[in-house]
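Report on the following structure.
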Amino acid sequence: MMILIKNGRVLDPATKTDKMADVLIDGGKIAKIGDKIKAVADEVIDASGCYVMPGFIDLHVHLRDPGFEYKETVETGSKAAARGGFTTILAMPNTKPVVDNPDVVRYVTNKAQDVGLTNVIQAGAVTKGQRGEELSEIEEMVEAGVLALSEDGKTVMDTGLYREAMMLAIKYDIPIMAHCEDATLVRGGVMNEDDNAKRLGMPGITNAVEDIIIARDLLLAKETGVRLHLCHCSTKDGAAMLKAAKEQGLSVTGEVCPHHFTLTSSDIPGDDSNYKMNPPLRTREDVDALIQALSEGTLDVIATDHAPHSFDEKDVSMRRAPFGIVGLETAAALTMTELVDKGHLTPLQMAEKMSYNPAKILGIDRGSLEPGKIADVVIFDPKEAYQIDAARFSSRSKNTPFHGKKVKGCVKATILEGRVVYER
Ligand code: DOR
Ligand code: ZN
Ligand code: ZN
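Structure below.
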């Protein structure tokens, strides 16, 4: 199968390429990048006016399968990924059962292979049942294909146990993806603790809830040398601590979610649970610091924290609704609209944060368009303007605060290992 992508703006952070060119794909690999390639291809895609980037890689997705298939399944989540331009996603382990042993790892990855719409990599839980009491079957999960450990949705509050997990992560050369939240400080909070929480009469979550654990985890990373990745960073001081840790030479990275650079707590219109996520939407000061940190390279990755929940679960007060919003099908447009279009990121940086850097963190040979590499490609029209319509999501869940938002930037086609898996 040969695919020729013509007349696109090719963006490849691996080789710092940003030029108009054609891309030829053959046998699942990138065959050639060049001017006016002549080839008898099975399919020719006209990418005029579009970016041609390595397929996006999302380091933070909740597929909900097994156990919560009414929110999402491997199949619906894979469809949402393909529609969002993602060719690899890292699935979080807070399913039912929790992914704490190799059988559940194989269940998810086999199912994902059968679906065949996106490359699903499973993250293993740090502790059995995410109960924070004893370590999960880490070695066996690594043998089954786990490329990262995470207790996402929770923090391992037993610091000694967490340190033990870090030593194993070093042994197997995988990163720890840290959900930083001091469980003892939350106390029923549902949104950022500020004047907006007062305005809405909602219990608040302070920045210290996140920052205390970021500090702890960075100190542990310094002591152990583990590769530590901070999930969904939302605070100014968190970004500053990450910057300081990088300046000391630690192997630490961090991600930001589109909702955290797009919205502030003052955008919460009322008691609307589509604005409830963990960590919460923060203040303008925090958001500006996150954007600055993305722009200067302190924050390496844009990841969605795609967290589907059913209509009924979310159709209640913020006080009672679960945390989380879907993100796979809005991430690229929000990045384009809020960061690239406003001049905070270059198009090449967009590809770096949505593909190249996540690939490096996972240690996978993807995220680049160099000839010979696996042909994971997204064709993205940066100019197309439209209103986000949750009803059109492929995801089984529609919980988003972005329904109706005017954005620019649309995925035209997603190619996985040389096969078109989505075409608008
Ligand atoms: O908002 C969130 N939802 N944050 C998390 O950390 C977990 C996630 C979920 O699993 O729903
Ligand atoms: Zn989390
Ligand atoms: Zn999460």
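Residues in the sequence shown are numbered from -7 upward in steps of one, following our numbering.
Backbone N, C-alpha and C define an ideal beta-carbon position, used for all residues, glycine too.
Around the CB of Lys398, fewer than 16 other CB atoms lie within 10 Å, so the residue is classed as exposed. For His251, the enclosing alpha helix (DSSP H) has its first and last residue at Pro250 to Thr254. Its chain contains Met45, Pro46, Gly47, Phe48, Ile49 and Gly359 as the residues whose beta carbon lies nearer than 7 Å to that of Ser347, once the 5 sequence neighbours on both sides are disregarded; these appear in chain order.
Of the candidates Arg219, Gly230 and Pro195, the residue whose Cα lies closest to the Cα of Ile204 is Gly230. In the DSSP assignment, Asp14 is bridged to Gly26.
Those residues whose C-beta sits under 5 Å from the nearest heavy atom of ligand 3 are, from N- to C-terminal order along the chain, Asp144 and Asp297. Per DSSP, Phe78 is one residue of the beta strand (DSSP E) stretching across Phe78 to Ala83. Taking the C-beta atoms as reference points, Gln122 is found no nearer than 8 Å to Thr101.
If you draw a straight line from the Cα of Ala23 to the Cα of Ile366, it is about 10 Å long. Its chain contains Asp4, Ile22 and Pro46 as the residues whose beta carbon lies nearer than 6 Å to that of Leu361, once the 5 sequence neighbours on both sides are disregarded; these appear in chain order. Of the residues assessed, Ser128 falls on the buried side of the cut-off, its CB having 16 or more other CB atoms within 10 angstroms. By the Cβ-count criterion, Gly401 is buried, with 16 or more other Cβ atoms from all chains shown falling within 10 Å of its own Cβ. Note that the C-beta distance between Ser265 and Glu321 is not below 8 Å. Between Met183 and Lys268, the C-beta spacing is below 8 Å. For the pair Tyr414 and Ile407, the Cα-to-Cα distance works out to about 7 Å. Contact between Val112 and Ile81 holds, since their C-beta atoms are separated by about 6 Å, short of 8 Å. Look at Asn270: its beta carbon is less than 7 Å from one of the heavy atoms in ligand 2. Taking 7 Å as the cut-off, one finds no heavy atom of ligand 1 near enough to the beta carbon of Ala281. Per the coordinates, the alpha-carbon of Ser389 lies some 16 Å from the alpha-carbon of Gly396. Judged by their CB atoms, Val53 and Ala83 are nearer to each other than the 8 Å cut-off. Pro250 is not a Cβ neighbour of Thr338, given a cutoff of 8 Å.
Thr227 is a Cβ neighbour of Asp278, given a cutoff of 8 Å.
With a minimum length of 4 residues, the unbroken runs of alpha helix (DSSP H) contained wholly in the stretch 261 to 298 fall at 276 to 288.
Assigned with DSSP and collapsed to three states, Tyr154 falls in helix.
For Pro85, the distance from the CB to the nearest heavy atom of ligand 1 is not below 7 Å. In this structure Gly181 is in contact with Gly196, their Cβ atoms being roughly 5 Å apart against a cut-off of 8 Å. The secondary-structure analysis by DSSP pairs Met169 across a beta bridge with Ser142 and His221. In this structure Ala323 is buried. Its beta-carbon is surrounded by 16 or more other beta-carbon atoms within 10 angstroms.
Residue environment: Glu135 is assigned as exposed (fewer than 16 neighbouring CB atoms within 10 Å of its CB, all protein chains considered).
Taking 8 Å as the cut-off, the beta carbon of His221 is found closer than this to the beta carbon of Met169. According to the DSSP secondary-structure assignment, Cys402 is paired through a beta bridge with Asp373.
Asp38 places its beta carbon 8 Å or farther from that of Ile(-5).
At a threshold of 7 Å, His54 counts as near ligand 1, since its beta carbon sits closer than that to one of the ligand's heavy atoms. Taken through DSSP and simplified to helix, strand or coil, Tyr378 comes out as strand. Minimum Cα-Cα distance from Asn349 among the listed residues Glu330, Arg311, Ala295 and Val332 corresponds to Ala295. Under the DSSP assignment, Ala33 falls outside any beta strand (DSSP E); it carries neither an H nor an E label.
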